[in-house]
Amino acid sequence: MDLRTDFCGIELEGPVLNGSGTFDVLAARRAFGPALDRDFPFSAFVSKTITVAPRAGNPPHRLWEAPSGMINSIGLPNPGLDGFVEGDLLELVKLPVPLIVSVMADSAEQFAILVESVAAVSGVAGIELNVSCPNVHSGLIVGEQPSETEALMKALRPLTSLPLIVKLTPNVAGPESVAKAAESGGADGVSLINTVKAAAIDPNQVRPWLGAGAGGLSGPAVRPIALAQVRAVAAAVDIPVVGMGGIVDGESALDFILAGAQVVAVGTESFRDPAAGNAVHRGLSAALEQRGFASLAEAQASTLT
Amino acid sequence: MPAERPLAPFGRRSCNVASFADDGGYRLFTLIDDEGPVPAPGQFYMLTEGPDWLATSGRPFLPRAISVARTSGDPGNLRLEFLIDVIGPGTARLNELKGGDRCMIAGPFGRPFSLPNAILPGSVGAVLVGGGIGIAPMAVLRRHLVSRGVPTRTLLGFRDREHSGAVDTLFGCEETRLAFEDGSSGHRGYVTDLLSVILEGDDPSGAVVYACGPPAMLEAVRKMCSHHSVPVELALESPMACGFGACFGCAVPRAEGGYLRLCVDGPVVRGDEISTAMAGEV
């Protein structure tokens with residue numbers, strides 16, 4: 109079945125992306141070698157989140173296994189903008205699929221530096237804005253506030269013609285109002301869900317298990333939450349939606365398409381199976397056929413009632 | 009110069025379980041890998057009990073990282089053996105497997121042990137220090153070194169006699185020195201006492217130490233070796249979701265600041281690369 113699709117003007121061979129920060133191509137090459145590029149698991153690659161200054165990430169522990177999922181508090185370790193542009197990015201633009209770079213900052217000014225610097229690199233197809241960080245000026249988490257999100261988008265929109273995708277947090281009462289604010293500020297797309305705020309207690313000590321105190325839940329455990337939010341957001345905006353949250357196979361990917369997502373992303377499942385992206389792509393084709401869809405486009409155009 | 013690492017086939021694959029047997033307090037788990045390369049000493053695999061790890065409950069959810077204890081045969085019909093301590097839902101589920109069942113694996117992953125000469129040119133031999141379940145990678149390394157004619161001394165420590173059964177299976181009649189915390193046999197105390205005798209009694213210059221075991225043991229070995237200026241490679245363990253650098257969960261503090269990822273930058277690290285072998289411990 110033809111799974112080719114457009115996403116924010118980017119032509120893709122299929123609708124399966126990776127969630128930001130859930131697959132490190134360069135590290136995976138050290139483990140798997142050239143086989144990874146021969147059988148690349150995603151139709152577009154989303155980088156881990158880059159910040160202006162380097163970040164070491166959170167102290168251990170960073171992981172906790174939850175029922176049908178896991179909690180992480182990684183803390184966005186990255187080499188900083190300069191380290192990224194002079195290092196990993198040189199390799200990532202050579203990938204066999206379009207590259208979307210994820211960036212995060214604590215002010216519109218810092219976001220602007222990231223967007224302009226990344227957009228200037230040939231081979232970058234789009235930019236995802238991770239807005240799950242407090243604004244240093246207001247103290248408010250940008251992605252939790254429609255007004256902050258819209259103001260940020262209005263500041264960044266004039267800086268590039270590349271697609272700008274806002275990654276939405278599920279930790280709000282109504283993600284659709286944030287999505288609408290992103291759209292009216294000029295976003296080309298939205299992606300959701302990010303992880304759901306979560307904590308675990310150390311089984312042997314009276315303290316939180318995670319070094320940072322709390323983290324975010326992902327995996328099949330969050331899929332019903334993600335589906336509800338994707339459905340609400342897709343109904344509220346006209347820009348394309350990247351749906352993610354616990355996708356493990358073709359059927360669960362199709363659920364997100366039918367909820368209104370244009371494309372989907374695989375995250376935690378890649379930890380369990382490095383080739384999960386390939387399996388979801390193949391499985392989606394089979395699932396579409398089984399449900400009587402003649403094409404991916406037909407499923408994308410279907411509206412839930 | 010870090011040792012070459014064999015490349016893993018991309019993705020995970022189903023393997024036949026050859027046997028699963030009690031072995032002195034632990035379980036020795038054997039499977040046949042018909043696709044992957046021979047792993048290098050110190051490398052590990054991510055194991056999942058079946059094609060659908062989630063079939064009956066929400067946990068275990070993630071695969072479990074387990075070091076190789078012994079390999080035999082050739083690529084295409086490679087026999088991989090793992091020593092397993094049943095401590096949680098993942099190892100409990102693995103423990104339900106029987107000969108003839110299937111098990112999903114990904115790997116081999118990680119940075120292997122280096123030969124003594126690659127760490128210290130002109131080195132005169134190796135001292136291997138294993139504690140508890142950590143004797144598994146030491147057994148692979150020992151065979152590797154002995155087959156290359158490297159003079160090797162092996163020190164192993166256990167909480168009690170009951171947990172040392174795998175020594176006979178994995179080390180055979182090779183000369184090993186044993187320590188038992190309960191004094192049931194061998195030296196009464198810690199394996200680090202035996203290492204201390206070597207580092208303080210002999211002239212330790214020219215030796216390279218390799219160790220795998222509980223975090224407190226590894227930290228003690230790391231400090232002792234640093235004190236005596238003896239190079240040491242440690243095989244560490246950490247909670248880990250993926251095994252191939254994707255999740256950034258297995259962070260270990262680097263000596264120069266920041267963190268390394270144990271799955272791709274380790275699990276074998278030099279003692280002076282890290283600031284502690286007890287990350288996350290109290």
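Residue numbers (this note's numbering), protein chains in the order written: chain L, 109 to 413; chain Z, 9 to 290.
The beta-carbon is built from N, C-alpha and C at its ideal position, and this holds for glycine as well.
Beta-carbon proximity of residue i to residue j, cut-off 7 Å
i              : j              : result
R67 (chain Z)  : P97 (chain Z)  : yes
G375 (chain L) : T130 (chain L) : yes
E173 (chain L) : F69 (chain Z)  : yes
V154 (chain L) : N180 (chain L) : no
P275 (chain Z) : L226 (chain Z) : no
C23 (chain Z)  : I113 (chain Z) : yes
I314 (chain Z) : V135 (chain Z) : Limits of chain Z in this structure are 9 at one end and 290 at the other, which puts residue 314 (chain Z) out of reach.
A187 (chain Z) : V199 (chain Z) : yes
V338 (chain L) : G351 (chain L) : yes
G139 (chain Z) : M146 (chain Z) : no
L270 (chain Z) : C255 (chain Z) : no
E284 (chain L) : A340 (chain L) : yes
A144 (chain Z) : S80 (chain Z)  : no
L325 (chain L) : G183 (chain L) : no
R78 (chain Z)  : D381 (chain L) : no
C233 (chain Z) : G142 (chain Z) : no
L39 (chain Z)  : L88 (chain Z)  : yes
V304 (chain L) : P266 (chain L) : no
F219 (chain L) : L264 (chain L) : yes
V205 (chain L) : S246 (chain L) : no
Run of the beta strand (DSSP E) containing residue i, from where it starts to where it stops
i              : result
G297 (chain L) : 297 to 300
L36 (chain Z)  : 34 to 41
P261 (chain Z) : 259 to 261
C23 (chain Z)  : 21 to 31
T56 (chain Z)  : 52 to 56
L125 (chain L) : 124 to 126
T157 (chain L) : 153 to 158
E119 (chain L) : 118 to 120
G294 (chain L) : That residue, G294 (chain L), is in no beta strand (DSSP E); it is neither H nor E in DSSP.
R161 (chain Z) : 160 to 166
With 16 other Cβ atoms within 10 Å as the buried cut-off, status of residue i
i              : result
M109 (chain L) : exposed
L202 (chain Z) : buried
P185 (chain L) : buried
V244 (chain L) : exposed
G84 (chain Z)  : exposed
P142 (chain L) : exposed
Q313 (chain L) : exposed
G297 (chain L) : buried
I95 (chain Z)  : exposed
N125 (chain Z) : exposed
R112 (chain L) : exposed
R315 (chain L) : exposed
P332 (chain L) : exposed
L248 (chain L) : exposed
G327 (chain L) : buried
Q51 (chain Z)  : buried
Q398 (chain L) : exposed
Delimiting residues of the alpha helix (DSSP H) encompassing residue i
i              : result
T113 (chain L) : Segment 113 to 115 is the beta strand (DSSP E) holding T113 (chain L); no alpha helix (DSSP H) there.
T411 (chain L) : Taken as a continuous stretch (DSSP letters only), T411 (chain L) belongs to no alpha helix (DSSP H), as it is neither H nor E.
L134 (chain L) : 133 to 140
V272 (chain Z) : 270 to 273
F192 (chain L) : 188 to 194
A187 (chain Z) : No alpha helix (DSSP H) contains A187 (chain Z), which is instead part of the beta strand (DSSP E) from 185 to 188.
R146 (chain L) : 143 to 146
T177 (chain Z) : 174 to 179
Counterpart residues of residue i in DSSP-defined beta bridges
i              : result
G177 (chain L) : L:A174
S75 (chain Z)  : Z:F52
I309 (chain L) : L:P316
T303 (chain L) : DSSP, once it has assigned bridges, lists no residue as partnering T303 (chain L).
E281 (chain Z) : In DSSP, E281 (chain Z) forms no bridge with anything.
A254 (chain Z) : None; A254 (chain Z) has no bridge partner.
F150 (chain L) : According to DSSP, which records beta bridges pairwise, F150 (chain L) is partnered with nothing at all.
A243 (chain Z) : Z:C220, Z:V276
R163 (chain L) : L:N186
Any alpha helix (DSSP H) of 4 or more consecutive residues that is wholly inside the region 80 to 145 of chain Z: Within the region 80 to 145 of chain Z, the complete alpha helix (DSSP H) runs of at least 4 residues are 97 to 102, 124 to 127.
Of all the beta strand (DSSP E) runs that stay within the bounds of the region 193 to 240 of chain Z, which reach a length of 3 or more residues? Segments of the beta strand (DSSP E) lying fully in the region 193 to 240 of chain Z: 215 to 220.
Complete beta strand (DSSP E) runs within the region 322 to 410 of chain L (minimum length 3 residues, chain order): Every beta strand (DSSP E) of 3 residues or more that sits fully in the region 322 to 410 of chain L is shown, in chain order, as 323 to 326, 349 to 352, 371 to 374.
Beta strand (DSSP E) runs contained entirely in the region 199 to 254 of chain L, provided each spans 3 or more residues: Runs found: 207 to 211, 232 to 238.
Entirely within the region 257 to 287 of chain L and at least 3 residues each: give me those beta strand (DSSP E) ranges in chain order. Within the region 257 to 287 of chain L, the complete beta strand (DSSP E) runs of at least 3 residues are 272 to 275.
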